[in-house]
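Residue numbers (our numbering), protein chains in the order written: chain A, -19 to 309; chain B, -19 to 309.
Structural data, given as structure tokens:
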């Protein structure tokens, strides 16, 4: 295993410290563990907390700041954060308006965030939650009942975060977050797996000409392997799955082409070249496109495409100001 | 060779088209070839052009926009753009205030930009140039007389671009760009090489426990190989070289921890954790830090550290507004 690290049991902590030392204007670390919160707490609005295992950077600490998250909780690599961690995060950011938990649909994440929410409610903190499940590739997995939450989660952070900044109530922010979830779909593929530091070996094996279709974001295998094809054909397959799952016809969409970590930006743009052409041909209007690293899986070489169906409210909130390490608008 | 592409001879063109389709609010492509310019030309200020081979994304198209570049020219992968390409770029962005060419120190780049500059001057366009040579690892290479220009170039784009927005003259913008060059130093290492699509095989080979020290950004080998060590020790070595090359004592610096393309953000933050500690210990004050992908080498797994010594002018220009695909301030 070749990695730029010091010790396997220090990767999460040294990452969070390195992030807070790089960007003190955005984030600070809680003393209790790997939880980052906004450097300047904002009162009088619903506070948003998200998180999950480490290894998805810039998610989730990279999205803490004005117009997005108020706290991000980082578990061990690809491992759910503990209820205590989430609870400390909630307590640190709680306002009178309440706290919305944005949870990706993994059994451990859902359980631990819910437990933390109950602990917070016992302290009279108002808590609500949404569960993101945008991955159209699989209906369930080793780690999930139902669909997995993947890159589409970033649109939930952005849009629900903007809604919260307007002074909306907890119920309203939750409803807007749920509207994003109802309208967002993602699918991904990979040509090189990643290695969890503590495991020391890749999460799956691939032959010289193979790709893994329907990957998640935790180094787990996808639905099946198939021969690597020209990327336009891969994009066609992904868009067929996404457009077959939700009716996007005649709508305006936000597009995200997300790197799994090691994919060169050159290839992401080549992906988007065809995504844009296919959508244009189908009469689906692209409102805004985001290409880059948003929800990664360490050094996995792969990509996902996310489509979010927009209405006027979602467009306005997508465009609203955001000022975080990894997402500025 | 596993890549998300369609055809080796289409990668540059499809990348540029994909970038322009993703971000029409920032960039548009010239009809003549792989040259991108600001979507909205800004008159009355010095225009900046940069570029080089493709494969360094988001450099250079990702830095075209308000407060940074006016044009970026993309040659074939790791290959200098032609004089004609650069000339078309200069013509498209030229204003009465003139054009500054920001060239990275590679023999082909310097020659072709200079030739383009001469062609433009014959059309009565005022042209000046700076040559960036921030890499402390080597004094020359297969591709270079003198030091190579690497990630520090992004600080030149940012700061000279901000200077141009103030309405400064061509000579003033050139002088500020040169001040950045005089005060910026970079060094990098890699643990996995990259494969140029047209070559089909990696630019160098590395054993299971080896790293390449002193890498450039064109897939070329560095100064030597050595066993992979804990990353704090690698950072110590890089900072020794940089701090031994220019006197940073008592100064304020901007730090850039740049991914070669495939390095997980987790590891970049672990790098920064130690960079910040070492600088603090040496009494060098960090003014601002940037961690991410700025000047890459396709899917190379490596990183570089850049230090820029700041004065009041450079701080103000570093903080000035920038609105591009890959750099916002």
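All C-beta atoms, glycine included, are put in the ideal place defined by N, C-alpha and C.
Keep in mind that this is a model prediction, so the values were computed, not measured.
{"Check": "Please return the same chain residues whose Cβ sits closer than 8 Å to the Cβ of residue 167/B, not counting the five positions on each side in sequence.", "Outcome": "115, 116, 117, 194, 218, 221, 222, 284 and 285"}
{"Check": "According to DSSP, residue 68/B sits in a beta bridge with which residue or residues?", "Outcome": "For residue 68/B, which the question treats as bridged, DSSP gives no partner whatsoever."}
{"Check": "Note down, in chain order, every chain A residue with its Cβ under 8 Å from the Cβ of residue 278/B.", "Outcome": "244 and 246"}
{"Check": "What are the uninterrupted segments assigned as alpha helix (DSSP H) that are 4 or more residues long and contained completely in the segment 107 to 158 of chain B, given in chain order?", "Outcome": "133 to 145"}
{"Check": "Straight-line CA distance for residue 271/A to residue 305/B?", "Outcome": "9 Å"}
{"Check": "How long is the line joining the alpha carbons of residue 274/A and residue 91/A, rounded to whole angstroms?", "Outcome": "24 Å"}
{"Check": "Shortest alpha-carbon distance to residue 85/A belongs to which of 110/A, 62/A and 63/A?", "Outcome": "110/A"}
{"Check": "Counting only the same chain and skipping the five closest in sequence on each side, list residues whose C-beta sits under 7 Å from that of residue 8/A.", "Outcome": "0, 16, 17 and 19"}
{"Check": "Mind pulling the chain A residues with CB within less than 8 Å of residue 265/B?", "Outcome": "By Cβ distance, chain A contributes nothing, its closest Cβ being about 13 Å from residue 265/B, past 8 Å."}
{"Check": "What runs of the alpha helix (DSSP H), each 4 residues or longer, lie entirely inside the segment 220 to 306 of chain B?", "Outcome": "245 to 261 and 292 to 299"}
{"Check": "For the segment 79 to 103 of chain A, which residues have a beta carbon sitting closer than 8 Å to at least one beta carbon of chain B?", "Outcome": "none"}
{"Check": "Out of 47/A, 81/A and 57/A, state which residue places its alpha-carbon closest to the alpha-carbon of residue 138/A.", "Outcome": "47/A"}
{"Check": "Return the Cβ separation of residue 26/A and residue 77/A in integer angstroms, given the expectation that the two are a contact with Cβ distance under 8 Å.", "Outcome": "5 Å"}
{"Check": "According to DSSP, is residue 193/B part of a helix, a strand, or is it coil?", "Outcome": "strand"}
{"Check": "Just checking my contact of residue 57/B with residue 144/B at CB under 8 Å: how many whole Å lie between their CB atoms?", "Outcome": "Actually they are not in contact, since the Cβ atoms of residue 57/B and residue 144/B sit about 29 Å apart, beyond 8 Å."}
{"Check": "Could you give the residue range of the alpha helix (DSSP H) that holds residue -12/B?", "Outcome": "Taken as a continuous stretch (DSSP letters only), residue -12/B belongs to no alpha helix (DSSP H), as it is neither H nor E."}
{"Check": "Can a CB atom of chain A be found closer than 9 Å to the CB of residue 212/B?", "Outcome": "yes"}
{"Check": "Would you list the one or two residues that DSSP bridges to residue 175/A?", "Outcome": "182/A"}
{"Check": "Would you say residue 3/B reaches chain A, if we count a Cβ-Cβ gap shorter than 9 Å as a contact?", "Outcome": "yes"}
{"Check": "Residues in the same chain with beta-carbon distance under 8 Å from residue 260/A, minus the five sequence neighbours each way, listed in chain order, please.", "Outcome": "266"}
{"Check": "Around the Cβ of residue 289/A, are there at least 16 other Cβ atoms within 10 angstroms (buried) or fewer (exposed)?", "Outcome": "buried"}
{"Check": "Please check the pair residue 243/B and residue 2/A, which I expect to be a contact at CB under 8 Å, by giving their CB distance rounded to whole angstroms.", "Outcome": "Actually they are not in contact, since the Cβ atoms of residue 243/B and residue 2/A sit about 15 Å apart, beyond 8 Å."}
{"Check": "Which residues, in order along the segment 26 to 47 of chain B, keep a beta-carbon less than 8 Å from a beta-carbon of chain A?", "Outcome": "34, 35, 37, 38 and 42"}
{"Check": "Give the residues of chain B in contact with residue 105/A, contact being defined as C-beta atoms less than 7 Å apart.", "Outcome": "What residue 105/A touches in chain B: nothing, since even the nearest Cβ is about 30 Å away."}
{"Check": "Identify the continuous beta strand (DSSP E) that holds residue 57/A and give its terminal residues.", "Outcome": "51 to 57"}
{"Check": "Please look up how many angstroms separate the CB atoms of residue 107/B and residue 79/B, rounded, as I've assumed it's under 8 Å.", "Outcome": "5 Å"}
{"Check": "Among the residues of its own chain, which have a CB less than 7 Å from the CB of residue -15/B, if the five just before and after it don't count?", "Outcome": "-9 and 177"}
{"Check": "Going by alpha carbons, who is nearest to residue 31/B out of 22/B, 151/B and 63/B?", "Outcome": "63/B"}
{"Check": "Under a three-way DSSP split, which group does residue 74/A fall into?", "Outcome": "coil"}
{"Check": "Report the rounded CA-to-CA distance for residue 70/B versus residue 127/B, giving the unit in angstroms.", "Outcome": "26 Å"}
{"Check": "Label residue 174/B either buried or exposed according to how many other C-beta atoms from any shown protein chain fall within 10 Å of its C-beta, with 16 as the threshold for buried.", "Outcome": "buried"}
{"Check": "Below 7 Å CB to CB, which residues in the same chain sit around residue 303/A once its five sequence neighbours on both sides are set aside?", "Outcome": "45, 46 and 47"}
{"Check": "Can you check whether the CB of residue 183/A is closer than 9 Å to the CB of residue 246/B?", "Outcome": "no"}
{"Check": "Quick one: list the residues of chain A neighbouring residue -3/B, beta-carbon separation under 7 Å, in chain order.", "Outcome": "253"}
{"Check": "Counting only C-beta atoms, is residue 172/A closer than 9 Å to chain B at any point?", "Outcome": "yes"}
{"Check": "List the residues of chain B whose Cβ lies closer than 8 Å to the Cβ of residue 232/A, in chain order.", "Outcome": "By Cβ distance, chain B contributes nothing, its closest Cβ being about 15 Å from residue 232/A, past 8 Å."}
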